[in-house]
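First residue of the sequence shown? That's -7 in my numbering, and the numbers climb one at a time after it. So the structure is just underneath, and the comments pick up after that.
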Amino acid sequence: MQKIGIVGTGYIASGIYQQMKHEKAFVVSKMLTRRPIDSSIGLPQSILTNRVEIMIEDCDLIVEASGDAIYATEVLLKAQQAGKPIITMNPEFQITTGSYFADKGYITDADGDQPGCLARLNQEVKSLNFKPLAYLNIKGFLNLNPPEDEMRYWAERQKLSLEQTISFTDGSKVQIEQALVANGLNADIAQDGMLGPKIENMADTGFLADSAKELGRPISDYILCASAPPGVLIIAEHELAHERRGNVALNKLLTSDGKYFRLLIPHHLIFLEVIKTIRDWHSGAAPLLNNTSTPRIGVCAIAKKPLNKGDTIERGLGSFETRGSTVRIKEHPDHVPICLLQNARLLNDIEPGQPVNFSDVELPQSKALDIYMQIRENACQMDSLPNTTDLFSYKSKVAERRLADRRSTDRRSTDRRSTDRKLAEG
């Protein structure tokens, strides 16, 4: 029986624990918490610990679900040094410091959240020879600057923390999730903050695939569609399927412009699906999704209201001060990742809508900050072309160049043989 250590005791972590109780091949051996041991309701005190070393020693696999990028970095550095494989239900960690871990051991984000669901759907559609053009997160509603009274009401009603409720509502969470999707699935963003169109019908998404073609690579984005299920969607093309699109089953998948196909998972089941990733690890499968060692997309902090010099931002993500927005790291190298914005003292006044830059704040020293600065330096030195063979546009250009080189070589060989023959004939 494989022993699982869980980092966190909140909504997600406790849900993973409850789901794991039904498994015969796995058991939760320890749960790491920052709370007093006797304060966790519904969790046996015998498996709770405040010491990371105890959890690490007593598990074969670690599942990180704290939602805190800085804390997760500290814990997972020790876990990876101990040689433990890691599964995260923590896109905040992945897009902040996860790239440091990506080539140093087994690490993957999990099924259950939209990034993992998109990665799983991506595996399926590619296995059927579809060519993904747009990886879409489906949302029903966003408010970039929600009022405090509404957030407190919904947090209590949904049994979530205030910070979680705010980050879901102001779009920070979807920006973080789609940054991970962009980096992990070798996609790009169409613009800072993504397009995020509001549509009435999921079929009206063909223009997002058009945007990807104009850009020359797949895009990661989201849609606002009140009638759509809370799942994920890939807009793709397929030459054979398009040739035979008269088939009723295929026709129903077409975008309204008739050019592309919509591949949908109509749900994401959060902690219920993490077991799929655990089983993958146990069977020796490759990681489902991580931020890769060469990320191109980050999530900056945007001021929601006037921020005054000398003030302290206790927490950027899930606050009434800032929200997250996707950016290309190389184009915005001075941006402060929103998940690093904790206990930050403002050095300058910042107006609403402006990004928070490193020159604007004084951040506490942390391993997460040190690691991110390394990641940023590497990202800024990357070539504009991707260093992956998975991007269809890049593969196409390389193939065209190689074909042209072969034709040129063939012509030179033909010319050389012709010259040799003429010389021989004298």
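Beta carbons: idealized from backbone N, C-alpha and C, even for Gly.
Going by alpha carbons, who is nearest to residue i out of the options?
i      : options                         : result
Asn82  : Val348, Leu355, Glu354, Val173  : Val173
Ile168 : Asp105, Ala371, Asp52, Gln(-6)  : Asp105
Ala17  : Tyr252, Val224, Ile270, Pro28   : Ile270
Ile79  : Lys322, Gly188, Arg307, Val(-1) : Val(-1)
Thr88  : Met374, Ile367, Gln373          : Ile367
Asn420 : Ala218, Ile48, Thr284           : Any property of residue 420 remains undetermined from this structure, which presents the chain solely from -7 to 418.
Glu140 : Glu313, Ile330, Arg320          : Glu313
Leu460 : Leu280, Ala201, Ser285, Ala336  : Not covered by the structure: residue 460. The range shown for the chain is -7 to 418.
Asn175 : Gly198, Ser119, Leu280, Gly163  : Leu280
Asn114 : Phe133, Phe350, Ser212, Ser358  : Ser212
Pro107 : Glu265, Tyr364, Leu332          : Glu265
Asp375 : Pro287, Leu187, Tyr214, Leu232  : Pro287
Gln373 : Leu355, Ala278, Glu323, Tyr98   : Glu323
Lys22  : Gln86, Leu35, Gln11             : Leu35
Leu68  : Ile46, Gly59, Phe93             : Phe93
Thr25  : Val44, Asp101, Lys13, Met(-7)   : Val44
For the alpha helix (DSSP H) that residue i lies in, which residues bound it at each end?
i      : result
Asn175 : 164 to 176
Ala241 : 240 to 243
Asp184 : That residue, Asp184, is in no alpha helix (DSSP H); it is neither H nor E in DSSP.
Glu323 : Unbroken run through Glu323: none, as it is neither H nor E.
Met12  : 3 to 12
Glu235 : 231 to 235
Thr89  : Note, Thr89: premise wrong, no alpha helix (DSSP H); not H, not E.
Ser358 : Note, Ser358: premise wrong, no alpha helix (DSSP H); not H, not E.
Gln72  : 61 to 73
Gly198 : 198 to 207
Ile48  : 44 to 49
In its own chain, which residues sit with a C-beta less than 6 angstroms from the C-beta of residue i, not counting the 5 before and 5 after it?
i      : result
Ala147 : Leu154, Thr157
Leu216 : Lys131, Lys190
Arg394 : With a pLDDT of 39 at Arg394, under the threshold of 50, the predicted position of this residue should be treated as unreliable, and no value is reported.
Cys109 : Val224, Ile257, His260
Ile4   : Ala57, Met81, Phe263
Glu229 : Lys123, Tyr252
Arg307 : Gln334
Ala195 : Thr247, Ser248
Gly97  : Gln72
Once you ignore the five residues that flank residue i on each side, which residues in its own chain have a CB closer than 8 angstroms to its CB?
i      : result
Pro210 : Pro124, Leu125, Ala126, Tyr127, Leu177, Asn178, Ala179, Asp180, Ala204, Leu383, Phe384
Asp30  : Gln37
Ile430 : In the structure as shown, the chain starts at -7 and stops at 418, and residue 430 therefore has no counterpart that could be examined.
Arg236 : Leu242
Tyr364 : Thr88, Thr89, Pro329, Leu332
Val117 : Pro124, Ile226, Ala228, Leu255
Leu232 : Asn121
Can you list, in chain order, the residues of its chain with a C-beta nearer than 7 angstroms to that of residue i? Leave out the 5 residues immediately preceding and following it.
i       : result
Lys268  : Asp103
Arg27   : Thr1
Gly340  : A quick correction: the sequence has Asn, not Gly, at residue 340. Same-chain partners within the cutoff: Lys301, Asp352.
Glu343  : Ala295, Pro298
His327  : Gly290, Cys292, Val319, Pro347, Asn349
Phe85   : Glu56, Ala61, Ala64, Thr65
Ile39   : Val20, Ser21, Lys22, Met23
Asn121  : His230
Lys(-5) : Val19, Ser21, Asp50, Cys51, Asp52
Ser358  : Ile62
Verify the CB distance criterion: does residue i have a CB-CB separation below 7 angstroms to chain C?
i     : result
Ala61 : The chain labelled as chain C is not found in the depicted structure, where only one protein chain is given.
Start and end of the beta strand (DSSP E) containing residue i?
i       : result
Lys22   : 18 to 24
Gln(-6) : -6 to -1
Asn129  : 123 to 131
Ser212  : 211 to 216
Ile54   : 53 to 56
If residue i sits next to residue j, beta carbons under 8 angstroms apart, how far is it from one beta carbon to the other, in whole angstroms?
i      : j      : result
Leu207 : Ala182 : 6 angstroms
Ala293 : Ile330 : 4 angstroms
Gly316 : Ser164 : 4 angstroms
Leu332 : Ala64  : With a Cβ gap of about 12 angstroms, Leu332 and Ala64 do not count as contacting.
Asn282 : Ile99  : 5 angstroms
* Asked: Mind pulling the beta strand (DSSP E) runs of 3 or more residues that sit fully within the region 250 to 337?
  -> Within the region 250 to 337, the complete beta strand (DSSP E) segments of 3 residues or longer fall at 253 to 257, 289 to 295, 304 to 307, 314 to 320, listed in chain order.
* To do: Scan the region 77 to 121 and note each continuous beta strand (DSSP E) run of 3 residues or more that stays entirely inside, going in chain order.
  => The region 77 to 121 contains these whole beta strand (DSSP E) runs: 78 to 80, 99 to 101.
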